[in-house]
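To convert, count from 1 in the sequence shown and add 1174; that's my numbering.
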Amino acid sequence: MQLTKLEKIGIVSSILVAVGEDALAKHIDLQRLEEEFGPIVNGATEKECGEATLSVLNKMIASLLEDKG
């Protein structure tokens, strides 16, 4: 399954929100994420971010359904 950068950022962002930045700060460099992701996210519209989220969700569901065995 191929994911775009915006789709990958959406996944990472969702995990950050779910787990919490404080818990993850011990394991990842949040400043580096902001430096890398910031320009990409700031260059995308809200609609593009929403479409990327739905796209990755659809890709993951399709992949899971293909891997029935």
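We treat Cβ as the ideally placed atom computed from N, Cα and C, and that holds for glycine.
Take Gly1184, set aside five residues on each side of it, and the residues of its chain with a beta-carbon closer than 8 Å to its own are Cys1223, Ala1226, Thr1227, Val1230, in chain order. Note on geometry: alpha-carbon atoms of Ser1188 and Lys1200 lie some 18 Å from one another. The beta-carbon separation of Ala1218 and Leu1180, rounded to 6 Å, stays under the 8 Å limit for a contact.
Excluding five sequence positions before and after Ile1214, the CB atoms of its chain that fall closer than 7 Å to its own CB belong to Lys1179, Leu1180, Ile1183, given in chain order.
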